[in-house]
Each structure stands twice: as C-alpha cells, then as structure tokens.
Amino acid sequence: MAIYDRGMLRALTASTVLSCAFCLSSAAFAAAAAPSGDVIVTAQKREQSLQLVPVDVTVLSASRMVQAGVTDIKSLQILTPGLTVTSSTSEASTTARIRGIGTVGDNPGLESSVGVVIDGVYRPRNGVGFDDLGELERIEVLKGPQGTLFGKNTSAGVINILTAAPTFMPGYFAELTAGNYNGWAASGSVTGPLSDTLAGRLYISGRSHDGYQSVMTGGGPRTTTRDNDHHDWTTRGQLLYAPKDGMRLRLIGDYTDQHQLCCTAVQISVGSSAASRAILLNQVRPGAESLTPDPNSRVTYSNQNTATHTVDEGVSAQFDAKLGGADFTSISAWREWNSVRGGDWDFSAADIVYKPAGQYTDKFDTLSEEARLSGKVDRLTWLGGVFVASETYNGVSPLLYGTDYYNFLAGKITGGAPGLIGILPTTNFLPGMGQRDSFKQTDTTWALFTNETYAVTDALDVSLGLRYTDDAKTLNSTFKTTDGSCIQALAAYAGLASVVGAAKGQAITNAMCLPWETEAFDARSGVQTSSEKRWSGAASAGYRWTPDLMTYVSYSRGYKAGGFNFDRPTSSVSYTATTATLGIVNSTYFKPETVDAYEIGLKSQWLHRSLTINAAAFDQTYQNFQLNAFNGSSFIVESIPKVNSTGVDMDLTWLPPVEGLRIDGGTTYAQTKYGQFTAADLTYPQDFAGFWRLPGATISYAPLWSSTLSGDYQRPLATHLIGRINVSAKYNSDYNTGSDLAPQKLQRAYTLINLRAGVGDSAQGWTIEAWAQNLTNVTVMQLAINAPLQGGETDPAAIRTYDAFLAPPRTYGVTLRYRR
C-alpha cells in the first residue's frame, strides 16, 4: 500500500489560499522586510548582495523563519524548494537532500552530501541539524556542489546557518508554547554589553511532546505504548570581544541534550501468502503484526525499547582582524556528538532480533581549524585559506537474538530443518547472544583553497576557485559473534541436501549464514586504510546588464570522500553438488563521489524592486554516487557509476501594493536519474540482485516538482494592537523512498501546509499566536524499508512486508512571546 493524499488538488488549493493569504512579519511585527536585493549573504565567504552572487542560494531571514515556525533543518523544508530532510531509526539518522541528491543517514561511515555548517563550523553528519538552532541571523541554502570554500567538500549543497551574535544594545526575549500531544516549549535569551569592549548573549530552551504513534508491545519487555516522542534542552552562550575597529573575537559554547523513544515503523504492505513473513510471525507470536496495515492509523508493532539519548556539544572561537590591506579570519572548533540508543530490528511485536538500549552507540569527536586571508587590489578580489580537521568515530553495533528467534527462523522460515543438522534451541540462537561489533575510525583532512574574482569591466566579473584536499582514514573493525550457525550449516550441507534436496538445502544454509549468525566474520577483524587526494573548484562569469539584472554561467567540481561501510563485509555462499563454501569480501571500502555541475543563472528585480525573481538552470553529473541501502539483513554501500540531475530552480519575493503583505515562493524542477549499469559495473556484483530496478530510473527522494509558497500579512486592529497571519506550504510530486525503488515504497504527491495567526503589541513587545503544522494532517513516509528476515527483491511480493518511518502528523498549539 502506498501512502498518498490528493496532492495536486491540495497544491492548487494551497496556492489559491496563499495568493490571498495574510501574514505578519516576525515575532515583533516589524514592517515588511526589504526587497531581496538588500539581502546580504556569505556564500563566497565574504559579505555580498544576494543579487550579485553567481551561486544558486535560497536565503531565509530570522523573521521569516519565526513566522513559519522553523526551529531546525527538518522544519526548514517548508520554506525551501528542492530540499528534503528525513529521519529513520532515530532522529540521529537524519539526511538532507538537495535536487534529489543525498546520502541515507543510517550508516555513519558515509559523509553527508549536503553539508551543515553552523557559525562557520563544519558538522560531521546531518543529525546535528535536528538540534534547536536557537536565535538565528539567517540561513543560506546553497544548491549544487560547493567544491571550494565550505569545510569538507560536499557534493550536493550546503546549509549555512548563522546564529545571532551578541550585541552592545541590551535586549531579551522569552517564549512559551503549549500544544497537542502534551507539547510544550520554553525559551529565552538575553544579550547586551558586559563592558565597553565585551558583549554577551545567552540562550536557553527546552522542548517536549509525547509520542505520535501507538505501539503494540506484544509480550514485551517493552512497556511504553507510545513512540516518536521528544524531550530536549539546549543552551548556547556567546561572548563578543571588540577591542578596536577592525578586530573582534567571538566565542561560542553550546550544549544540547535530547531524549526520545524513536523510532518504530508502521507497516505499509503485507504479503497475503500463507508463507508470508507476517503470517509466520503471527504463528510464532500472535499479534506480532497486522495483516491489514493502515499507515494513517499510526499503529506500530514493537516489543523492544527504542530509547535514544543524544548529546551534541562544542566550543568555537572566531577571530577577525584587519592586517594592513587584508582581512584575516580564523575559526577554531571542538565538537562532540554522542548518540546512545536501542532498536527493535525486526519491527514487530515478536521478540526476534534487537539492538539493546544503551549499548548501540555512535560518537564523533571533531577538531577543526579554518584560516582565511582575503582582500582587494584594484579590480581583483582575492581569498586564500587552509582547512584542517581531525575526526574520530567510535561505535558499537550489537544485534542480539530474542526469545522468538529460534522458533521463527528454525521452525518457520526453514521448516524445522536446522534440527536435522544439530542446530538446536539449547545450543544456537540463545536469547541475548548474537553480534557485538565495534568500529573505530580516525579521519584526518587538510585542504588548501583559493577563490578570486576579477572585475574585467564595471559590468563583467570572472571568478575562479580551487581546492586541494587530502583525506586519510583508518578503520579498526572488531567482529564478535556468539551462538552463530553458519560454520555448522556449511559443514552439514551435503547431508542436508541429500535429505531435502539441493534447492531447499541451499535456502536453509543461506538462512543459517545471515550476517549476524556468521562466526567466520570474527577472524576478519582488522584494519583498513584509505588515502585520497583530490582537486575541486569552481569557475563563473557574471554580467550585470542593468543595476537590477544579472546573469551568470558557472562550472563547479565537487568531491565527497570515500570511506568504509560500518557493517559486516559482503558475504555469500557458493555451492557444488556436495559442498557449501562461504565467501567474504575483505574490504568494506567505497569510492569517493565526484560531480561536475554546470549552471546558467539569473538574478533580477522588477516593478521598482518590489518583485525579485532569481532562477538557475543546472546540469549535474555524479560519478561513483554513494548509495546506502538496507537489504533486510544489513547495510550495503555501492558506488553507482553515474547519476545525472538536470533542471531549474526558481525563487521569488513579491511585495505587492498592499501594505503589510509579502509573498515568497520557489520551485525546483529536477530530473534526477541513474545512468545505465549492469552487475559488472558494481564494486560487489552480487548487490545487483537488490538494485535491478535502478538502471535508467529516477533515484529515490527525487520529486520531479518541489514548490514552496508562503504569504505574510499584518495590519493594525486597534490602538497599539496589530494582527497577523502566516501561511506556508510545500508541494512535492511523487517520489520513491527506498534505495531499491520497490513500488511499495512510493510516496504519492502531497502538500504540507503550516498556519500561524496572532495579535501583538504594536510597540514590539508581546505577541500571542495560534499555530498548526501539517494543517491538513497529511501522512508522509520519510523512509520505507524491507522488513528483515524475508525473501529478496526477486521473490514474490506475496511473501514480503514493507515498513515505513512517518513524518509528524498535524500538531497545533499556542505561543506567547515577549521581546525587548
């Protein structure tokens, strides 16, 4: 069953509503924002007008994000066409995609295609962006590869987040929110001078809500019957030291602590065959799964604890100084991100396999330094710098047998045959045994970069950027298996085949050699290393035809480092008439991803600068696209030879001749497809059995159309009282949410609508507003997966089950805000 709504109808309805929508601007009800031509961005690591930058950028001001209720990168989607942000087994596994390009976040061995940079500091994975971002100055979403200036290179884009700095003018604010699902949030900040040369800012917030989904726990041990809750608190303290003109030091320290039960998955498709996974599960544990799935009911099945505890903390120091005719910037940072969680890995109320809460861990420690020197000589604007980062990852990945494992696998999947070869419930698959693997990776990166712009004439600028990156990784893998069955099954294959036949004997042996049952991996514990040296960069030319019209052309080369799959290596069993032999690939390395991108862009303003239209046509070709997929038993990473993304981006801002009204919108049209390839083109040809749908097809999470539209309106209601209303909507056309493109994983077209309306003090003091997110309660799949322990993609759908992680349902509430 696919999840869908009447997407196009709602999109048209939303467009009609938004065209006449009312919204006020910002929490303080300030006047409508200035035209986009006055927006300043740092897309080229220097302050420039958005209308003069030859880069496709969507810029979101602090006030616009307050109006739309944006607090993290996931809620940012409602305002950004072409941006998709999803989570799966936990909010720590968050993935951002731009123009359909991104890397599934469940596997920490893969770096992000879309980089997240907060106050100049590169973050190692997208999951950190789910933190409360606090008070913001603006967010810049840079689309396409950013191969020169932003930390570790990213192949699809950058989300550049700039938080509000301390000010020497005193100010403070407080905010309280109450909503459904027992939701509440409280935040506050204070800023001001501590001396003539020192200013500070302190921000503190807390958020909480109950789970969105009901859980059928079966026989436990889980007792909690709700999932997808959220409880966190964040603090960010800053100091700004400005002893004289041209010199300043900004120190930032932040800490976020998150607790969740997350995430169980709903069933979206259940096979009807008597041999289907769901029916066999229910025979072992009645009520283990529903045979008539209804994703819209948000009922899930899980008997194990899904508790997640994530801590994200760090400090940074940015030093800016004028050195003669040049500007010097240094950004030093230390960050630690630690996630400890649990998971029900069979996604049912039966006790099959699980990751024990508190023992499944991911931890990143990162030290980074970026130093830049820039200046201007006559017509040449120049910049050069160095970036150095040291990242250490430590992770533990257990997968243990539950009390129902033997009965299900040996009794149902293999029809009791394991008992014929001595694989018994007293000797194999004992509860609490299984796989306990651990990984430690060190990653050292250094890069030199430069970016120059030369004004050939007063109207024509030519830019060139280059970056040389050296990336070295060392992975230590330790595999540990207890109560496995593979070695025993291989030795007994000949006798088993003589009793049940070769075909059935092979199927049974394969089931006894699933990754977590294979003791032979233990001897493969060891060290892998990689060393990559790559050039990347960009070239562009921009011509200003008039003060309000600029066009540009650009070419960019992006690079994303290769790495190692943090899972067990690829293995398979080969057979003769009398033997079964296990083959294990020694390496888990995957190749670096590169992209060549071409863009033709337009930056324009019309109607006395009340209408801004910026557009870009792009063509991006990826080589060795890193595809991460869960095949029902393990994560596999393949380098797909070619992916191409071609289309058009457009953003607009209109200040119509109605006082207090502002309309913003944008559209991305992108055809993002795999090239043709065969099994021989893959690093591990046996993976093609799960990827046979991919050659020539549209890749997952790549809607053909992605559009946003928002309207703000504010007007006086009475003396010292102003009213406002804000409507924001996001439309996505159909896209598949599975790496293997199984048709059951299709997400139909949908439109999300957010609404906020309120009144406030015209003196910019208090405001109170009612709000609703996902107003029409659309059910949206974030990720669909193959349920574990069932047939492969070449087996009939009648025996298969598919599950999905859902985006939040409709939420609503009231917010009270006070600012001075």
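For the sequence shown, my numbering puts the final residue at 1489, and the numbers step up evenly by one.
All C-beta atoms, glycine included, are put in the ideal place defined by N, C-alpha and C.
Residue(s) in a DSSP beta bridge with residue i
i: Leu831; result: Arg807
i: His878; result: His899
i: Gln1110; result: Tyr1062, Leu1144
i: Ile747; result: Partner(s): none; Ile747 has no beta bridge.
i: Val980; result: Asp926, Asn1007
i: Ile1000; result: Gln987, Glu1039
i: Pro1385; result: Ile1391
i: Met1319; result: Ala1284, Thr1336
i: Arg1136; result: Phe1118, Ser1205
i: Asn1423; result: Ser1397
i: Phe1033; result: Trp1006, Tyr1062
i: Trp1051; result: Gly1044, Glu1121
i: Glu1307; result: Leu1296
i: Asp1013; result: Tyr1023
i: Ala868; result: Pro862, Leu909
Run of the alpha helix (DSSP H) containing residue i, from where it starts to where it stops
i: Tyr1162; result: 1155-1169
i: Ala1358; result: 1357-1360
N-terminal and C-terminal residue of the beta strand (DSSP E) that residue i is part of
i: Met734; result: First-last for Met734: 731-737, but that is the alpha helix (DSSP H), not the beta strand (DSSP E).
i: Gly848; result: 840-848
i: Gly1227; result: 1218-1229
i: Gln1433; result: Premise fails: Gln1433 is in no beta strand (DSSP E) and is neither H nor E.
i: Lys1272; result: 1262-1275
i: Pro862; result: 852-862
i: Ser756; result: 752-756
i: Ala1249; result: 1249-1253
i: Arg792; result: 790-792
i: Pro1244; result: Going by the sequence as given, residue 1244 is Tyr instead of Pro. Start and end: 1240-1244.
Whole-number beta carbon distance between residue j and residue i, since they are thought to touch under 8 Å
i: Ser1001; j: Ser985; result: 7 Å
i: Phe1190; j: Ile1253; result: 7 Å
i: Met1102; j: Asp1020; result: Going by Cβ atoms, the distance from Met1102 to Asp1020 rounds to 13 Å, so no, they are not a contact pair.
i: Asn1209; j: Pro814; result: The amino acid at residue 1209 is misidentified as Asn; the sequence shows Ser. Wrong, their Cβ atoms sit about 13 Å apart, outside the cutoff.
i: Thr903; j: Asp801; result: 4 Å
i: Trp1185; j: Gln1104; result: 4 Å
i: Gly1510; j: Phe1233; result: Given that the chain is displayed from residue 670 to residue 1489, the structure contains no residue 1510 and the question cannot be resolved.
i: Gly1392; j: Ala847; result: Contact flag wrong, Cβ pair sits at about 21 Å.
i: Gly1301; j: Ala1456; result: 7 Å
i: Ala843; j: Gly857; result: 4 Å
i: Ala825; j: Arg766; result: 7 Å
i: Thr969; j: Ala934; result: 6 Å
i: Pro1067; j: Lys1024; result: 6 Å
i: Tyr1419; j: Ser1369; result: So it is not a contact: roughly 16 Å between Cβ atoms.
i: Phe1287; j: Asp1318; result: 7 Å
Which listed residue (the options) has its alpha carbon closest to that of residue i
i: Gln720; options: Glu1005, Ser782, Val1009, Leu1271; result: Leu1271
i: Pro1100; options: Phe1077, Ala1116, Asp1106, Asn1313; result: Phe1077
i: Arg715; options: Glu1121, Leu1373, Pro1087, Arg1489; result: Glu1121
i: Gly622; options: Leu1049, Ala1249, Asn1234, Glu1262; result: Since the first and last residues shown for the chain are 670 and 1489, residue 622 lies out of range.
i: Pro955; options: Ser1146, Ser1017, Glu982, Thr1322; result: Ser1017
i: Thr1126; options: Gly1211, Thr894, Ser1146; result: Gly1211
i: Asp901; options: Gln882, His878, Gln987; result: His878
i: Leu1491; options: Lys1260, Met1181, Val1022, Ser1240; result: Given that the chain is displayed from residue 670 to residue 1489, the structure contains no residue 1491 and the question cannot be resolved.
i: Ser942; options: Ala1467, Arg1488, Ala1476; result: Ala1467
i: Arg917; options: Asp996, Asp898, Glu809; result: Asp996
i: Ala1230; options: Ala1128, Val1168, Thr1113; result: Thr1113
i: Tyr1338; options: Trp1374, Ala1358, Tyr1291, Ala990; result: Trp1374
i: Asp1217; options: Phe1148, Phe1360, Ala1128, Glu1188; result: Ala1128
i: Asp1381; options: Ala1398, Gly880, Leu1276, Asp1356; result: Ala1398
i: Ile1422; options: Thr1083, Phe819, Pro1477; result: Pro1477
i: Thr866; options: Ala855, Thr1352, Gly915, Asn972; result: Gly915
i: Lys1081; options: Gly888, Ala944, Lys1149; result: Ala944
i: Gly816; options: Lys1032, Thr1138, Gln736; result: Thr1138
i: Trp1361; options: Thr1377, Val710, Tyr1343; result: Tyr1343
i: Ala957; options: Phe1304, Asn829, Asp707, Asn972; result: Asn972
i: Gly1004; options: Val980, Ile873, Val1022; result: Before going further, note that residue 1004 is Arg rather than Gly in the sequence given. If we check each option's Cα against that of Arg1004, Val980 comes out closest.
Closer than 7 Å: residue i CB and nearest the ligand FMN heavy atom
i: Lys1229; result: Among the ligands in the structure shown, none appear at all, so the ligand FMN cannot be discussed.
What are the uninterrupted segments assigned as alpha helix (DSSP H) that are 4 or more residues long and contained completely in the region 900-972, given in chain order? 946-953
Every unbroken beta strand (DSSP E) inside the region 762-787 [3 residues or more]: 763-767, 783-787
Entirely within the region 1429-1479 and at least 4 residues each: give me those alpha helix (DSSP H) ranges in chain order. DSSP runs (the alpha helix (DSSP H)) wholly in the region 1429-1479: none.
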